[in-house]
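Enquirer: So that we are looking at the same thing, I have put the structure below in structure tokens.
Number of protein chains: 2
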Amino acid sequence: MPPYDPSTFPPFAVTVDLVVLTVRRHALCALVVRRGEAPFQGMWALPGGFVRTDEDLGAAAARELAEETGLCAQDPAAPAVGNGAHLEQLGTYGDPGRDPRMRVVSVAHLALAPDLPAPRAGGDANSARWAPVGELLGPGGGMGRDGEQPAPLAFDHARILDDGVERARSKIEYSSLATAFCPPEFTVGELRRVYEAVWGVVLDPRNFHRKVTGTPGFLVPSGGTTTRQGGRPAQLFRTGSATVLNPPMLRPEV
Amino acid sequence: MPPYDPSTFPPFAVTVDLVVLTVRRHALCALVVRRGEAPFQGMWALPGGFVRTDEDLGAAAARELAEETGLCAQDPAAPAVGNGAHLEQLGTYGDPGRDPRMRVVSVAHLALAPDLPAPRAGGDANSARWAPVGELLGPGGGMGRDGEQPAPLAFDHARILDDGVERARSKIEYSSLATAFCPPEFTVGELRRVYEAVWGVVLDPRNFHRKVTGTPGFLVPSGGTTTRQGGRPAQLFRTGSATVLNPPMLRPEV
DNA sequence: GTGTTTATCGTCAGGAAGACGACTATGATT
DNA sequence: AATCATAGTCGTCTTCCTGACGATAAACAC
Chain A
4 MPPYDPSTFP PFAVTVDLVV LTVRRHALCA LVVRRGEAPF QGMWALPGGF
54 VRTDEDLGAA AARELAEETG LCAQDPAAPA VGNGAHLEQL GTYGDPGRDP
104 RMRVVSVAHL ALAPDLPAPR AGGDANSARW APVGELLGPG GGMGRDGEQP
154 APLAFDHARI LDDGVERARS KIEYSSLATA FCPPEFTVGE LRRVYEAVWG
204 VVLDPRNFHR KVTGTPGFLV PSGGTTTRQG GRPAQLFRTG SATVLNPPML
254 RPEV
Chain B
4 MPPYDPSTFP PFAVTVDLVV LTVRRHALCA LVVRRGEAPF QGMWALPGGF
54 VRTDEDLGAA AARELAEETG LCAQDPAAPA VGNGAHLEQL GTYGDPGRDP
104 RMRVVSVAHL ALAPDLPAPR AGGDANSARW APVGELLGPG GGMGRDGEQP
154 APLAFDHARI LDDGVERARS KIEYSSLATA FCPPEFTVGE LRRVYEAVWG
204 VVLDPRNFHR KVTGTPGFLV PSGGTTTRQG GRPAQLFRTG SATVLNPPML
254 RPEV
């Protein structure tokens, strides 16, 4: 740590970028916006923006999330309310060449949201959409069908998205985070379809049911039932107080 | 994402801070340096410094690590060489008030090193030392003995250290990262004492031996034996090619 | 009613982990 | 030299968890 003069530090721009994930029609999807200006004009990118001078990093991410989706970042301690989303810091990307205009350090955040109506394009984004991660990342990282060509993302956003997807995939193993993809009340089958979409696998409904209902504090029955998935009525649950899943849910091999 | 003029972005200083952990005398220790200037002059702090204009974040962390300890950051792909340490990004801390002089965003990194000789103070640090995390964080986060008063760290470094310790504690559960605390060749007992120091628990030597030697690719025998721990000679191992531990090593309850 | 879909309960075999017993090979002590 | 203390290594036994899968239940479509 060499001595420094605080007035001569090298200046950086600091932004937040968002990996907003949801599950739509049995597929893991990410929110992307079309860039309206150079560089990478017309390409898809992750939503994001500058951190303001007196704003915390998490607050900047929550603000961007609200601007782009109308979602309210969820305090992990508070009970789930409508339109609340899980938000956590993902990682920071600061390669000197990642933005051709200037030195930008981007603090990426990961948000998990239940299925929403149409995304609303905010600010300068010409349009916004939910894109299946398989389309954005290709078969490798996104586990899309073979042969699909990934639509390239601006900047290093493909890498950020890949890291975010991997974080989500691994974190639902040992936490109750998968419920962040569900509405406040959901069935065991709906939760199972979240795991199936995020991991790209098929799980045994009976073993899954035994696992999630047998873990104390993971799910609490809300009393009601629903038939919105067809078939026999299913019990409705809310997320319980347990945030960690021990032993974890095991991701099937290959 | 409002439209912006790249020449009017709010300027930030970007630093890297290091949580360097090692195991010394059966205790998890962190590298701290004494601050030689205001603010927090005379207090202990995590080592760190400014990111240079054309330097990647990871490169800045590796440079600071080398300056402070002489350690060489280890490429995860390369085989272990002498004086190599594991280095990974931990998280980014950018609260507007965390540095009273100016707006500083710090990208914290976590480094795990084998037991070293005396730390060498680099640059402007009056001195540097390995401090048991229990002394720095108190009984809660650091699992120190009850009644100890934590020696406060400068800035928000106690929080950063706590996050780093928690990362290390959880990551050795499901990865071969604990071997980063060991010399290139080590015994099963030495590896077990690493787990015991990091977790602050006592593990059954027989079950631990069965677990680590029964996981394919985790440890490879190097052929030699040693009696440096006393008792019956123990087989020496190197870190194997397996980087994940599945099923994970279970941290005992409470 | 019959078939289809989804939910839920039960059974059984195999594997992993915690609790320990037993034995081995060193150096230190008497 | 005999004994002791220390650490390493191999087994055993019980318990818990998981994966595979049979069976039943309750809705809807026709």
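Chains A and B supply the protein sequences, listed in that same order. In this note's numbering, each residue's number is its place in the first sequence (first place is 1) plus 3. In this note's numbering, each residue's number is its place in the second sequence (first place is 1) plus 3. In this text, a Cβ means the ideal position worked out from N, Cα and C, and glycines have one as well.
1. In terms of alpha-carbon separation, which member of B:A157, B:G226, B:P219 and B:H112 lies closest to R170 of chain B?
2. Thinking just about the alpha-carbon of each residue, which of B:C32, B:V19 and B:F15 is nearest to the one in A134 of chain B?
3. Beta-carbon within less than 7 Å of R55 of chain A's beta-carbon, same chain only, minus the 5 sequence neighbours each way: which residues are those?
4. Please state whether DSSP places A134 of chain B in a helix, a strand or coil.
5. Output yes or no for whether 8 Å exceeds the beta carbon distance between A157 of chain B and F43 of chain B.
6. Can you name the start and end residues of the alpha helix (DSSP H) that G192 of chain A belongs to?
7. Starting from V22 of chain B, trace the beta strand (DSSP E) in both directions and tell me its first and last residue.
8. In the structure shown, what three-state DSSP assignment does V215 of chain B receive?
9. Less than 8 Å separating the beta-carbons of V205 of chain B and E199 of chain B?
10. Put G227 of chain B into one of helix, strand or coil per three-state DSSP.
11. With 8 Å as the threshold, decide whether the Cβ of P82 of chain B is near any Cβ in chain A.
12. Consult DSSP for P108 of chain A and reduce its assignment to one of helix, strand or coil.
13. What's the gap between the Cα of A83 of chain A and the Cα of D159 of chain B?
14. Looking at S173 of chain B and T242 of chain B, is the spacing between their C-beta atoms short of 8 Å?
15. Determine, for P135 of chain B, whether the minimum Cβ-Cβ distance to residues of chain A falls below 8 Å.
16. Look up F184 of chain A in the DSSP assignment and say whether it is helix, strand or coil.
17. Assign S244 of chain A to buried or exposed, taking buried as 16 or more other Cβ atoms, counted over all protein chains shown, within 10 Å of its Cβ.
18. Any beta-carbon of chain A closer than 8 Å to the one on P6 of chain B?
19. Helix or strand or just coil, what does DSSP make of S178 of chain A?
20. Quick one: what's got a C-beta closer than 6 Å to R235 of chain A's C-beta in the same chain, skipping five residues either side?
21. What's the C-alpha gap between G147 of chain A and E91 of chain B?
22. Closest by CA to S225 of chain B, which one among B:T218, B:K214, B:Q238 and B:P219?
23. I need the straight-line Cα distance from L93 of chain B to T228 of chain A, nearest angstrom please.
24. If you follow the alpha helix (DSSP H) that E58 of chain A is in, where does it begin and where does it stop?
25. Can you tell me whether T246 of chain A is helix, strand or coil according to DSSP?
26. State yes or no: is the C-beta of V215 of chain A within less than 8 Å of the C-beta of L194 of chain A?
27. Look at the Cβ atom of G45 of chain A, then the Cβ atom of T18 of chain A, and state whether they are nearer than 8 Å.
28. Taking Cβ to Cβ, would you say L253 of chain B is nearer than 8 Å to F240 of chain B?
29. When you compare the CB of G94 of chain A with every CB in chain B, is at least one pair closer than 8 Å?
30. Looking at C-alpha atoms only, which residue of A:Q232, A:A30 and A:P103 is the closest neighbour of E138 of chain A?
31. Using 8 Å as the limit for Cβ to Cβ distance, is P99 of chain A near chain B?
32. Pull the bridge partners of Q77 of chain B from the DSSP assignment, please.
33. Between the alpha carbons of R209 of chain A and R196 of chain A, how many angstroms are there, rounded?
34. Where T25 of chain B and G233 of chain B are concerned, what is the direct C-alpha to C-alpha distance, given to the nearest angstrom?
35. CB L164 of chain A to CB V136 of chain A, shorter than 8 Å?
36. If you draw a straight line from the alpha carbon of E70 of chain A to that of R213 of chain A, how long is it in whole angstroms?
Expert: Answer, in terms of the structure:
1. Closest option to R170 of chain B, judged by alpha-carbon separation, among B:A157, B:G226, B:P219 and B:H112: B:H112.
2. The residue with the shortest Cα to Cα distance from A134 of chain B is B:C32.
3. The beta carbon of R55 of chain A sits closer than 7 Å to those of A63, all from its chain and outside the five residues before and after it, given in chain order.
4. Reduced to three states, the DSSP call for A134 of chain B is strand.
5. One thing to note: A157 of chain B has its Cβ within 8 Å of the Cβ of F43 of chain B.
6. Per DSSP, G192 of chain A belongs to the alpha helix (DSSP H) from V191 to W202.
7. A16 to R27 is the extent of the beta strand (DSSP E) around V22 of chain B.
8. V215 of chain B falls in the helix class under three-state DSSP.
9. Contact flag set, yes.
10. When DSSP states are grouped into helix, strand and coil, G227 of chain B belongs to the strand group.
11. At P82 of chain B, the pLDDT of 49 sits below 50, so the modelled position is not reliable; the number obtained from the coordinates is stated separately. Not an interface residue.
12. In the sequence on display, residue 108 of chain A carries Val and not Pro. Strand.
13. Residue placement at A83 of chain A cannot be trusted, given a pLDDT of 48 that sits under 50; what the coordinates show is reported in the next sentence. Using only the alpha carbons, I get a separation of about 29 Å.
14. Contact annotation: T242 of chain B and S173 of chain B have beta-carbon atoms that are not nearer than 8 Å.
15. Cβ-Cβ to chain A under 8 Å: no for P135 of chain B.
16. In this structure, F184 of chain A counts as helix in the three-state DSSP scheme.
17. S244 of chain A is exposed by the Cβ-count criterion.
18. Bear in mind that a pLDDT of 48 at P6 of chain B, under 50, signals an unreliable position, so the model cannot answer this.
19. Assigned with DSSP and collapsed to three states, S178 of chain A falls in strand.
20. Counting only Cβ-Cβ distances below 6 Å, and skipping sequence neighbours, we find nothing.
21. Interpretation of G147 of chain A is limited by its pLDDT of 46, a score under 50 that renders its predicted location unreliable; the figure taken from the coordinates is listed afterwards. Approximately 29 Å, taken between the alpha carbons.
22. The alpha carbon of S225 of chain B has as its nearest neighbour, out of B:T218, B:K214, B:Q238 and B:P219, the alpha carbon of B:Q238.
23. So the alpha carbons of these two residues sit roughly 43 Å apart.
24. From DSSP, E58 of chain A is part of no alpha helix (DSSP H); its letter is neither H nor E.
25. Residue state, collapsed to three classes: coil.
26. Yes. Within cutoff.
27. Taking 8 Å as the Cβ cut-off, G45 of chain A and T18 of chain A do not qualify as a contacting pair.
28. Cβ distance not < 8 Å, so L253 of chain B and F240 of chain B don't count as in contact.
29. At least one chain B Cβ lies under 8 Å of G94 of chain A.
30. Of the candidates A:Q232, A:A30 and A:P103, the one whose C-alpha sits nearest the C-alpha of E138 of chain A is A:A30.
31. Output row for P99 of chain A: interface = yes.
32. For Q77 of chain B, no pairing in a beta bridge is given by DSSP.
33. Between R209 of chain A and R196 of chain A, the C-alpha separation is close to 13 Å.
34. Each residue's Cα considered, the two are about 22 Å apart.
35. One thing to note: L164 of chain A has its Cβ within 8 Å of the Cβ of V136 of chain A.
36. Their Cα atoms are separated by approximately 40 Å.
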